[in-house]
Every structure is written in structure tokens, then in C-alpha cells.
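J.: The structure under discussion is supplied below as C-alpha cells; questions concerning it will follow.
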Amino acid sequence: MLISARRLRRCQFFQLLTSCFVLSLMALLVQEDNSLINHVKSYSYRYLINSYDFVNDSLSVPRDRPDGAPSYRYLINNRDKCQNEDVLLLLFVKTSPENRRRRNAIRKTWGNEDYIRSQYAANIKVVFALGIEADPVKSHQTQKDLVIENKRFNDLIQQDFKDTFHNLTLKLLLQFGWVNSYCPSAKFIMSADDDIFVHTPNLVSYLKSLPIETQDFWIGRVHRGSPPIRSKTSKYYVPYEMYPWSSYPDYTAGAAYVVSKDVAAKVYEASQTLNTSLYIDDVFMGICANKMGVVPQYHVYFAGEGKAPYHPCIYNKMITSHGHLDDLDYLWRQATDPNVKSLSAGVLGGAYCLLQRETWEARMAHQLLFGLWLEKKQYFQNYSTSVVCKPFQMSYRYGICYLETNFPKSSELWKGYLPQSPF
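Structural data, given as C-alpha cells:
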């Protein structure tokens, strides 16, 4: 009996010793993993290069060069929109002349200035940026309709360039030029497409929570190290003559992003000395910001080009969701209904949303790996080289994924960012 007791104590001692050793080893590995991940995350990963100074130098042009920032005449302008007011947010909606229904839907929902002022004590200004109708047959009547529309709402900003996909960079210049001239005191500036939903109450609450005089602020869905599309069948095709390098500087999806007023001023300044022939506006924005030393910050509740789930757990956190044309009224009611928000409140609501988040992450993992594989394959195809990509490490904790490829060597590591859960 005594021997059995001694053996039992000895076994317990070895179990305790083994447990302590395993825990110590795990703590050491976690610490090493943290240091590695923090090192990787602290430094913007590039596919081939780590500095874009030579890109900035190559694209820079003298201010008097014709391929520099062009100047277009204002056909419709509301220069007194800000009137030296204390504006928290100036919200530009990129629209096309024919999209009046979209503009009206936005005015009634997330672009409702009066609602935000009365419910959240915040002064926001919403304006629509556009060019002229590209179809000469429709242009005269469309312009008359725009003038009438502006007389009613006083929120259109129009210059006399053709409103086409390949002139999106001109629309970007319109926005930052107008801010510089007519609303330089706005604390934050947002650029958004007219087919997205913006949860304005959440956005305003978030911006009001930031420190006074926040600087170098640029948030959205960040694209890091994205390669130019070289396929001539794509509308995003960029020839080597226009951009010969292998990857773009970091930029945010053009669907929606927010910058502080100092960043808006810096981007405008940079745009005056850069070649504006690159017609992908969000990439051009990234080049301008990179020249001025501004780095975009990833924000999980900006959906970028994606659509946020229709779910009660999302409405108390989401900021933007892309691809909404006919459901703005429904989304606005859900987003502003206190009963809907209460579903995710409290202990039970938190547990419910946690379960939804885990389910969403598992589903997105499969979509992400396929998307990353396609992206890397597209990159290597630019060099007419076959490639096989396979994931070997994935972590939602850090929001990144690593891929191993067979080019240029099997140990080459490629990092992609996991879409973080919106719940």
C-alpha cells in the first residue's frame, strides 16, 4: 500500500513536471511567433520590391507639363456648401449623370444630413461628384436634368470631362481639388461609390471617438502589393507603357475610404506633380499617398468591394457594404432600428454573435485560399511561368495567410491578408 502511494505521488510529480515543461515551451513558441508576426506586420510586404521611391520619381512631372494634373471647368458647383462651418465629415459620392435614382435613394437614407445632425449632433456634408454624359445624343437633355436636380438639392459637383470608367482618376482629382478650394476645414473626407451602403451613424460615432486633430489617417479595405492586370480582356488592364513595375503601392479599395484633412491636402499636392494617365483611381490615390509618406490602415468594417452579410450581428459595427442598389431602404431601417441592435447586446447576444463569427470565418477560409491562389497565379502568368500555390499556414488571430510556391524557388513565401470577420 505504501509502495503504491509512493508510485502515485511519483507519477503525479512527473505529470506536473511534464505539464510545466509543455506550458513553458508553448509560451516560448507563442512569444517567438508573436515576434515573427509583428515583424512581418510592421513592414508592408511587397511581391518583389520594398521601396516605391523610384516609382514616384518616374511618374513625377513638372507642374506645367500637359500630362500632369489637368484642369477642368466646373459646370455645376456648390461652393458655399461648407460655408466656413465646423464640418466633421465631407462625404463625396462618385456618381454618373444618369444615376439619379441612386442619388435620391442615398439622400433619403445614409446620405441624410438632417438625420445625422438631429440624432448624432454631427455636421456632415454630402455631395455627388460627376462628369458629363459621354453619349452625345443624351448629353444635352441629361445636362438640363442635372441642373434642375441641383436647383432642388444643391449637392452636385460637376466638371466638364466625360464621365467614363477611364476618367475615374479625373473624378478623384475633382474631389480633392474641391476640398482644397471650398471645404479645407472638414476634419474628415470620405469617397464612396453610389452602389454601396454606408452605415453613417456608426461611421460618425467612430470619427467622433478619434483624438482631436487626428493626422495621417487613411482607412478602408487595404490592397497590399497588388500586381497590375496585364490581360487585355480586363477592364482593369494596365499596359507596361503606363505602369511597368510588378506591383502597386498599398491602396484602399475605391468603393469607400476615409482620410483626415491633412491627408486630403497631401494627396492633392502630390496629384499636381504626378502623371495622371493611370486611370485606376484607387491605385493613383495609393501612388499619391505613397509619395507623401502616408500609409493606409486596414479597417475590418469596411467591406471594400465585398458585401457584408445580412445579419443583426453586423448592424452595430458595420461601416460600408458594397453592391446595394435596391435594398438601401431596408438596410437603413435595419441599421437605425434600436430593436435590431438590441439583438446583439448583452451576454446572450454576444454569445450568439460569437457563434456566427466562427461560422463566417470557417466559410471565408475556403473562399480566401481559392482567391489567393488565383491572385498569385495571375501574378506569375504575367511572366509566362507556371505556378502551384498551396497554403501551409493560416491564422485568423493575425489575419494573414502564407502560401508556398514553386517559383522562383520552393521556399518563396507569399503573404495574403485574411478577411477578418465583420461580426
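Sequential numbering from 8 applies to the sequence shown in my numbering. Idealized CB from N, CA, C, for every residue including glycine.
Using C-beta distances below 6 Å, list every residue in its chain close to Gly-118, excluding the 5 sequence neighbours before and after it, in chain order.
T.: As a first step, residue 118 is located in the sequence shown; it is residue number 111 there, counting from the start. Cβ within range, chain order: Val-133.
J.: Closer than 7 Å by C-beta to Ile-155: which residues in its own chain qualify, once you throw out the five before and the five after it? Chain order, please.
T.: Numbered from 1 along the sequence shown, position 148 holds the residue referred to as residue 155. For Ile-155, where only same-chain residues beyond five positions count, there are no Cβ hits under 7 Å.
J.: Please confirm whether Ile-123 and Ile-131 have their CB atoms less than 8 Å apart.
T.: Here residue 123 refers to the residue found at position 116 of the sequence shown. Here residue 131 refers to the residue found at position 124 of the sequence shown. Result yes, Cβ atoms of Ile-123 and Ile-131 sit closer than 8 Å.
J.: Pair every Cβ in the region 96–108 with every Cβ in the region 192–200, then say whether three or more of these pairs are closer than 8 Å.
T.: They touch, by the three-pair rule.
J.: Quick check on DSSP: helix, strand or coil for Val-205?
T.: Here residue 205 is taken as the residue at index 198 of the sequence shown, counted from 1. Three-state result, Val-205: strand.
J.: Let me make sure I understand the geometry here. Which of Leu-175, Thr-176, Ala-352 and Asn-161 has the alpha-carbon closest to that of Asn-85?
T.: Here residue 85 corresponds to residue number 78 of the sequence shown, with the count starting at 1. With distances taken between Cα atoms, Asn-85 lies closest to Asn-161.
J.: Cα separation between Lys-268 and Asp-223?
T.: Reading the sequence shown from its first residue, position 261 is the one you call residue 268. Reading the sequence shown from its first residue, position 216 is the one you call residue 223. Looking at the two C-alpha atoms, the distance is approximately 9 Å.
J.: With a threshold of 16 other CB atoms inside 10 Å of the CB of Gly-184, please say whether the residue is buried or exposed.
T.: Numbered from its first residue, the sequence shown carries residue 184 at position 177. Burial call: buried.
J.: Which partner residues does Trp-199 have in the DSSP bridge list?
T.: Taking the first residue of the sequence shown as 1, we reach residue 199 at position 192. The question names Trp, but residue 199 in the sequence shown is Ala. In the DSSP output, where bridge partners are listed per residue, Ala-199 has Val-100 and Ala-263.
J.: Assuming Tyr-258 and Gly-293 make a contact with CB atoms under 8 Å, what is their CB distance in whole Å?
T.: Against the sequence shown, residue 258 aligns to sequence position 251. Against the sequence shown, residue 293 aligns to sequence position 286. About 3 Å; that satisfies the 8 Å criterion.
J.: Using a Cβ-Cβ cutoff of less than 7 Å, which residues in the same chain neighbour Ser-393 once the five nearest sequence positions on both sides are dropped?
T.: Numbered from 1 along the sequence shown, position 386 holds the residue referred to as residue 393. Any reading at Ser-393 must be qualified, since the residue scores a pLDDT of 42, below 50, and its modelled position is unreliable; no value is offered.
J.: Name the residue from Ser-233, Asp-344, Leu-338 and Asp-336 whose alpha carbon lies nearest to the alpha carbon of Phe-291.
T.: On the sequence shown, position 284 is the one that residue 291 refers to. The candidate whose alpha carbon is nearest that of Phe-291 is Ser-233.
J.: Going by DSSP, what residue range makes up the alpha helix (DSSP H) through Gly-293?
T.: By 1-based counting over the sequence shown, the position of residue 293 is 286. Residues 288–298.
J.: DSSP three-state label for Thr-240, please.
T.: Translated into the one-based positions of the sequence shown, residue 240 becomes position 233. Thr-240 falls in the coil class under three-state DSSP.
J.: Decide if the region 202–220 is in contact with the region 316–330; the criterion is three or more beta carbon pairs, one per stretch, under 8 Å apart.
T.: Contact between the region 202–220 and the region 316–330 is present, because at least three Cβ pairs lie under 8 Å.
J.: Going by the beta-carbon positions, is the gap between His-331 and Gly-313 smaller than 8 Å?
T.: Here residue 331 refers to the residue found at position 324 of the sequence shown. Here residue 313 refers to the residue found at position 306 of the sequence shown. No, these two residues do not count as a Cβ contact at 8 Å.
J.: Taking the DSSP output, what are the residues bridged to Lys-145?
T.: Position 138 of the sequence shown, counted from the first residue, corresponds to residue 145. DSSP, once it has assigned bridges, lists no residue as partnering Lys-145.
J.: Distance check for Lys-145 and Ser-254, CA to CA, integer angstroms please.
T.: Position 247 of the sequence shown, counted from the start, is the residue given in the question as residue 254. Position 138 of the sequence shown, counted from the start, is the residue given in the question as residue 145. One C-alpha to the other measures close to 39 Å.
J.: For Ala-296 and Thr-176, what's the separation of their Cα atoms in angstroms?
T.: Stepping through the sequence shown from its first residue, residue 296 is reached at position 289. Stepping through the sequence shown from its first residue, residue 176 is reached at position 169. C-alpha separation (whole angstroms): 14 Å.
J.: Just to confirm the assignment, what range does the beta strand (DSSP E) spanning Leu-163 have?
T.: Residue 163 sits at position 156 when you count from the first residue of the sequence shown. 163–169 is the extent of the beta strand (DSSP E) around Leu-163.
J.: For Leu-153 versus Leu-163, is the C-beta distance shorter than 8 Å?
T.: Position 146 of the sequence shown, counted from the first residue, corresponds to residue 153. Position 156 of the sequence shown, counted from the first residue, corresponds to residue 163. Yes, the Cβ-Cβ distance between Leu-153 and Leu-163 is below 8 Å.
J.: Which same chain residues, not among the five before or five after Gln-92, have their C-beta less than 7 Å away from its C-beta?
T.: For this step, residue 92 is matched to residue 85 along the sequence shown. The residue you asked about is not Gln; residue 92 is Glu in the sequence shown. Cβ within range, chain order: Asn-130.
J.: Would you call His-173 buried or exposed, if buried means 16 or more other Cβ atoms sit within 10 Å of its Cβ?
T.: Residue mapping note: residue 173 aligns to position 166 of the sequence shown, counting from 1. With fewer than 16 other Cβ atoms within 10 Å, it is exposed.
J.: Gly-357: buried (16+ other C-beta within 10 angstroms of its C-beta) or exposed?
T.: If you number the sequence shown from 1, residue 357 lands on position 350. Classification for Gly-357: exposed.
J.: If you count every other CB in all the chains shown that lies within 10 Å of the CB of Val-301, and 16 or more means buried, which is it?
T.: Within the sequence shown, numbered from 1, the residue matching residue 301 stands at position 294. Label assigned to Val-301: buried.
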